[in-house]
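Residue numbers (the working numbering), protein chains in the order written: chain A, 268 to 427; chain B, 6 to 182. Here a beta-carbon is modelled for each residue, glycine too, at the ideal position from N, C-alpha and C.
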């Protein structure tokens, strides 16, 4: 986080020294881009806030440790697609799930879908990519997550 | 005009704010929790986004379209995907950071497939996140996940990119005239 600020500041100073007008123009572009996308961010944040309430850690824990492995994978894909959580929450949660008996392949499905597929971030993604491309990217990502889960299952000897 | 285009965010934002305020007033816990979730995430975003947008602004002004096109555009070959993965590894934050960056690259004529690969890979292999993942689930788990998902991401992104470019697909215009 601090690195990001330092980088932005250094670049800004260099740019300012090199050409004042261009720098002012760059800041204008930055501001315009930001205000343009702000409404989509608000929508995303509202959806994230609701999703986080509906899918707290306990629910995830409960859903990802069923009897059948395939059910666990399906649950992992589903829960991962819907919920949004930063990595520093998600992976410790995965660690807990593992110790409670969740199969590796379900954790793989969950974490891959969590990071690559975003239902609540879809409105934001649509604003940037257009809905057709955003939809296509999310659907393929879901398939990739499934493939990764199967590969994990094979590698950890959970299937075959 | 501007109001009409943003009708959904306005309606949703207003309803949500009203819901949270009423929840606080009558002591409805789920509503209060959603409100605090919202504020928490909002603060997180406001912390990350300003420098990101400043860097994007500088990128737009200083980096020549030809440079991006040469390294990430058509005819730049497989190496462009390596760049995409490297860029994704260095990304901070999630999709909310990767998306504006992706859009800026595309505007400078990066290939669509490369842009998509960067977006999806940003979910998989951000370096700080990877360290976290491996420490909780083991390097074997992370290794398998990487080895399987990155090639798949590259192939599917390349195919999707080619498919959409062939049909003449353009990203939404965010320039705002």
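CA-CA distance, residue 311 of chain A and residue 44 of chain B?
Position 44 of the first chain, counted from the first residue, corresponds to residue 311 of chain A. Position 39 of the second chain, counted from the first residue, corresponds to residue 44 of chain B. Distance between the alpha carbons of residue 311 of chain A and residue 44 of chain B is about 13 Å.
Counting only beta-carbon separations shorter than 7 Å, does residue 171 of chain B have a partner in chain A?
Counting from 1 along the second chain, the entry for residue 171 of chain B is found at position 166. Chain A contact via Cβ: absent.
Separation of residue 390 of chain A from residue 14 of chain B, as counted between CA atoms
Along the second chain, one-based indexing puts residue 14 of chain B at 9. Along the first chain, one-based indexing puts residue 390 of chain A at 123. Whole-angstrom Cα-Cα distance: 10 Å.
Simplified DSSP state of residue 172 of chain B, which is helix, strand or coil
Position 167 of the second chain, counted from the start, is the residue given in the question as residue 172 of chain B. Residue 172 of chain B falls in the coil class under three-state DSSP.
Limits of the alpha helix (DSSP H) - the one that residue 130 of chain B falls within
Along the second chain, read from residue 1 onward, the residue named residue 130 of chain B stands at position 125. Note, residue 130 of chain B: premise wrong, no alpha helix (DSSP H); not H, not E.
Cutting at 7 Å between CB atoms, please list the residues of its own chain near residue 135 of chain B, excluding the five before and the five after it.
Within the second chain, residue 135 of chain B is the residue found at index 130, counting from 1. Cβ within range, chain order: 147.
Closest by CA to residue 125 of chain B, which one among B:177, B:149, B:82, B:90?
The residue given as residue 125 of chain B occupies position 120 in the second chain. Of the listed residues, the one whose Cα sits closest to residue 125 of chain B is B:90.
If you scan the stretch 6-54 of chain B from start to end, which runs of the beta strand (DSSP E) of 3 or more residues do you find wholly inside it?
none
Around the C-beta of residue 70 of chain B, are 16 or more other C-beta atoms found within 10 angstroms, so that it is buried, or is it exposed?
Taking the second chain and counting its residues from 1, one reaches residue 70 of chain B at position 65. With fewer than 16 other Cβ atoms within 10 Å, it is exposed.
Among B:18, B:177, B:171, B:159, whose alpha-carbon lies nearest the alpha-carbon of residue 47 of chain B?
Residue mapping note: residue 47 of chain B aligns to position 42 of the second chain, counting from 1. Nearest option by C-alpha distance: B:18.
Residues of chain A with a CB under 9 Å from the CB of residue 107 of chain B: which are they?
By one-based count along the second chain, residue 107 of chain B stands at place 102. Per Cβ cutoff of 9 Å: 395, 396.
Contact criterion: CB-CB distance below 7 Å. Does residue 300 of chain A meet it with respect to chain B?
Residue mapping note: residue 300 of chain A aligns to position 33 of the first chain, counting from 1. Yes, its Cβ sits closer than 7 Å to a Cβ of chain B.
Looking at chain B, is there any beta carbon in it that lies within less than 7 Å of the beta carbon of residue 354 of chain A?
Position 87 of the first chain, counted from the start, is the residue given in the question as residue 354 of chain A. Residue 354 of chain A counts as touching chain B.
Indicate whether at least one CB of chain B lies closer than 7 Å to the CB of residue 255 of chain A.
The structure shown does not extend to residue 255 of chain A, since chain A is modelled only from 268 to 427, so the question has no answer here.
If we ignore side chains and look at the alpha-carbon of each, how far apart do residue 335 of chain A and residue 277 of chain A end up?
Against the first chain, residue 335 of chain A aligns to sequence position 68. Against the first chain, residue 277 of chain A aligns to sequence position 10. The straight-line gap from Cα to Cα measures roughly 53 Å.
Please tell me whether residue 377 of chain A has its Cβ less than 7 Å away from any Cβ of chain B.
Here residue 377 of chain A refers to the residue found at position 110 of the first chain. False, the Cβ-Cβ gap to chain B never drops below 7 Å.
Starting from the beta carbon of residue 123 of chain B, find every residue of chain A whose beta carbon is closer than 9 Å, and list them in chain order.
Translated into the one-based positions of the second chain, residue 123 of chain B becomes position 118. Neighbours of residue 123 of chain B on chain A: none; closest Cβ ~11 Å, over 9 Å.
CB-CB under 7 Å to residue 145 of chain B, same chain, minus the five flanking residues each way: which ones, in chain order?
Counted from its first residue, the second chain places residue 145 of chain B at position 140. Nothing meets the Cβ criterion.
Taking the continuous alpha helix (DSSP H) assigned at residue 71 of chain B, which residues delimit it?
Here residue 71 of chain B corresponds to residue number 66 of the second chain, with the count starting at 1. From DSSP, the alpha helix (DSSP H) with residue 71 of chain B extends over 70-77.
Flag residue 66 of chain B as yes if its beta-carbon sits less than 7 Å from any beta-carbon of chain A, otherwise no.
Taking the first residue of the second chain as position 1, residue 66 of chain B is located at position 61. With 7 Å as the cut-off, residue 66 of chain B counts as an interface residue toward chain A.
Using a beta-carbon distance cut-off of less than 7 Å, what residues from the stretch 152-172 of chain B approach chain A?
153, 154, 157, 158, 161, 165, 169
Buried or exposed: residue 61 of chain B, going by 16 or more other Cβ atoms within 10 Å of its Cβ?
Walking along the second chain from the start, residue 61 of chain B turns up at place 56. Classification of residue 61 of chain B: buried, given that the 10 Å Cβ count is 16 or more.
With a CB to CB cut of under 6 Å and the five nearest residues on each side skipped, what residues in its chain are close to residue 28 of chain B?
One-based indexing of the second chain puts residue 28 of chain B at position 23. Correct list, in chain order: 36, 37.
Applying the criterion that 16 or more other CB atoms from any shown protein chain within 10 Å of the CB defines a buried residue, is residue 95 of chain B buried or exposed?
Within the second chain, numbered from 1, the residue matching residue 95 of chain B stands at position 90. Exposed, by the Cβ-count rule.
By DSSP, does residue 352 of chain A sit in helix, in strand, or in coil?
Mapped onto the first chain, residue 352 of chain A falls at position 85. In this structure, residue 352 of chain A counts as coil in the three-state DSSP scheme.
Would you tell me roughly how many angstroms separate the C-alpha atoms of residue 39 of chain B and residue 320 of chain A, rounded to the nearest one?
As a position in the second chain, residue 39 of chain B is number 34, starting the count at 1. As a position in the first chain, residue 320 of chain A is number 53, starting the count at 1. In a straight line, the C-alpha of residue 39 of chain B is about 6 Å away from that of residue 320 of chain A.
If you reduce the DSSP assignment to three classes, tell me which class residue 182 of chain B lands in.
Start at 1 with the first residue of the second chain, and residue 182 of chain B comes out as number 177. With a pLDDT of 38 at residue 182 of chain B, under the threshold of 50, the modelled position of this residue cannot be trusted, and the question is left open.
Measuring alpha carbon to alpha carbon, tell me which of A:330, A:393, A:273, A:370 ends up nearest residue 178 of chain B.
Walking along the second chain from the start, residue 178 of chain B turns up at place 173. Nearest option by C-alpha distance: A:393.
List the endpoints of the continuous alpha helix (DSSP H) containing residue 405 of chain A.
Residue mapping note: residue 405 of chain A aligns to position 138 of the first chain, counting from 1. Unbroken alpha helix (DSSP H) run through residue 405 of chain A: 398-422.
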